[in-house]
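Accompanying notes for the structure given below.
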Amino acid sequence: MAVLVTGGGGYIGSHMVWALLDAGEQVVVIDRLSTGFRWAIAPEARFYEGDIADTVLMRQIFSENEIDSIIHFAGSIVVPESVADPLGYYENNTVKSRSLIASAVEAGIPYFVFSSTAAVYGTPEVLEPVTESVNLKPESPYGSSKLMTEIMLRDTANAHDFTYTALRYFNVAGADPKGRSGQSSALATHLIKVACATALGKRQSMSVFGTDYPTPDGTCVRDYIHVWDLVQAHLKALQRMRAGGGSLAANCGYGHGFSVLEVLDAVRKVHGSDFPVTFAERRAGDPAMIVANPALARQELGWVPQYDDLSGIIRSALDWEQHLTRKNAY
Ligand code: UDP
Numbered sequence: 001m002a003v004l005v006t007g008g009g010g011y012i013g014s015h016m017v018w019a020l021l022d023a024g025e026q027v028v029v030i031d032r033l034s035t036g037f038r039w040a041i042a043p044e045a046r047f048y049e050g051d052i053a054d055t056v057l058m059r060q061i062f063s064e065n066e067i068d069s070i071i072h073f074a075g076s077i078v079v080p081e082s083v084a085d086p087l088g089y090y091e092n093n094t095v096k097s098r099s100l101i102a103s104a105v106e107a108g109i110p111y112f113v114f115s116s117t118a119a120v121y122g123t124p125e126v127l128e129p130v131t132e133s134v135n136l137k138p139e140s141p142y143g144s145s146k147l148m149t150e151i152m153l154r155d156t157a158n159a160h161d162f163t164y165t166a167l168r169y170f171n172v173a174g175a176d177p178k179g180r181s182g183q184s185s186a187l188a189t190h191l192i193k194v195a196c197a198t199a200l201g202k203r204q205s206m207s208v209f210g211t212d213y214p215t216p217d218g219t220c221v222r223d224y225i226h227v228w229d230l231v232q233a234h235l236k237a238l239q240r241m242r243a244g245g246g247s248l249a250a251n252c253g254y255g256h257g258f259s260v261l262e263v264l265d266a267v268r269k270v271h272g273s274d275f276p277v278t279f280a281e282r283r284a285g286d287p288a289m290i291v292a293n294p295a296l297a298r299q300e301l302g303w304v305p306q307y308d309d310l311s312g313i314i315r316s317a318l319d320w321e322q323h324l325t326r327k328n329a330y
């Protein structure tokens, strides 16, 4: 049986494709290449260029391949962009996911892994690692668009022969340890990507968004997780569902947080140089602090992270950023 990866040309999706191939799976990719790259998709995967909401194309994919599982990455991921364009986010993340889920049900695909996000939590009421059972109160249209998809999956699983795993990603960074993929979009806005690009002189300077948060140094605290550990959690989720495990929503983070200033210090140390940083206003939609309690993923998926080290994450992100420079990949 094959696994269909939506958004397989994107940052996390392209790592997922490599991890599936490494694990001996057959892989089919659908990506409309709006932010992903054709070259980022492993050549061993069968590729369809198109939209997950194109029901005719989805029927074709399901009829041409023996697919038992979908891993759904395709979507938009920038919190402030979602504040500026909420309807665009609901269209791309919620409406298109609804269409994909309907196509999956129609084709009788039993297993579905969904890229959810820590943004479904908003700012937790207590400043301690968040468990899956707390109230879900997203603070951005991005978080709401993902939560609505989780709700559709839950209700679909109650009504049909359909099992899902929603993995709530914390802050994903770093690159494939074998150097086959990394964060490649010049437009990416995520902290470690931007800091590495600035350290390497590819961006002239960068901003710290908000220094007056109720955190130890006034900047936001996040739980940064290596992309390779994250995709391994997806493999574990597939194995669990195929073995008869039920539906699940689980955090993917390490359980400890770093402030924006701590991340920037770590990038300076790993790169061995200083770089220009300005201090700016808070960014729309940013919660002050969010750190995962990963106990459920460890217990239910048997997930044991291998790359829980901020310096190592930054080293791999810097190496990939340099590789992109040499290859002039964007
Ligand atoms: N951030 C920042 N400067 C940047 C990019 C991000 O200060 O150029 C901050 C951002 O405000 C947030 C944290 O870094 O507090 C993590 O943001 P990111 O966009 O990486 O991920 P998010 O948590 O929004 O998914």
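Residue numbers (the UniProt record's numbering): 1 to 330.
For glycine and all other residues, C-beta sits at the position ideal for the given N, C-alpha and C.
Residues lining ligand 1 by the Cβ criterion, that is a Cβ closer than 6 Å to any of its heavy atoms, are Val79, Asn171, Thr189, His190, Leu191, Val194, Met206, Ser207, Val208, Phe209, Cys220, Arg222, Val260, Arg283 and Asp286 in chain order.
Under the criterion of beta carbons closer than 8 Å, phenylalanine 162 and proline 110 qualify as touching, at roughly 6 Å. The Cβ atoms of arginine 168 and serine 116 sit closer than 8 Å to each other. DSSP places asparagine 135 in the coil class of the three-state scheme, outside both helix and strand. By the C-beta criterion, the region 292-306 is judged to be in contact with the region 228-239, since at least 3 inter-stretch pairs fall below 8 Å. Beta bridge pairing from DSSP links tyrosine 169 with Thr117 and Cys252.
Secondary structure note for glutamate 49: its beta strand (DSSP E) is the uninterrupted segment 46-49. In the structure shown, the three-state DSSP call for leucine 4 is strand. Three or more Cβ pairs drawn from the region 136-143 and the region 70-85 lie within less than 8 Å of each other, which places the two stretches in contact. Looking at the backbone, the Cα of isoleucine 41 and that of valine 260 are separated by about 31 Å.
According to the DSSP assignment, threonine 55 belongs to the alpha helix (DSSP H) that extends over 55-64. Here the alpha carbons of glutamine 183 and valine 28 stand approximately 21 Å from one another. Measuring C-alpha to C-alpha distances from histidine 190 to each of Lys178, Gly245 and Ala173 identifies Ala173 as the nearest. Judged by DSSP in its simplified three-state form, arginine 180 adopts coil rather than helix or strand. A direct Cα-to-Cα measurement between valine 120 and isoleucine 70 gives close to 21 Å.
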